[in-house]
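Participant:
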Amino acid sequence: MSAPFVRKQLSAVGLLQTARRVFGTIPDTPGNAIALVDQLTLGLALFG
Numbered sequence: 108m109s110a111p112f113v114r115k116q117l118s119a120v121g122l123l124q125t126a127r128r129v130f131g132t133i134p135d136t137p138g139n140a141i142a143l144v145d146q147l148t149l150g151l152a153l154f155g
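Take the sequence shown: its position 20, counted from the start at 1, is 127 in the numbering used here, and no numbers get skipped.
1. For the alpha helix (DSSP H) holding Gly155, just list the boundary residues, first then last.
2. Using beta-carbon positions only, say whether Ala142 and Asp135 come within less than 8 angstroms of one another.
3. Are the beta-carbon atoms belonging to Thr148 and Leu123 less than 8 angstroms from one another?
4. Expressed to the nearest angstrom, what Euclidean distance is found between the alpha-carbon atoms of Ala119 and Gly138?
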């Protein structure tokens, strides 16, 4: 029996990877303790 087919685009991991890639395109100001992409990904994981 073969393993079940998993679609990465429909999983939580796939969603967070895609969101992080999109968030990475947003310009960030230097000098912040935490990068903007990390803050946005954290917010999505907590409230999404």
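A virtual CB, placed ideally from N, CA and C, is assigned to each residue, including glycine.
Values in this document were obtained by computation on a predicted structure and should not be read as measured data.
Facilitator: So, from the listed chains and residues:
1. That residue, Gly155, is in no alpha helix (DSSP H); it is neither H nor E in DSSP.
2. yes
3. yes
4. Spanning the two alpha carbons is a distance of roughly 30 angstroms.
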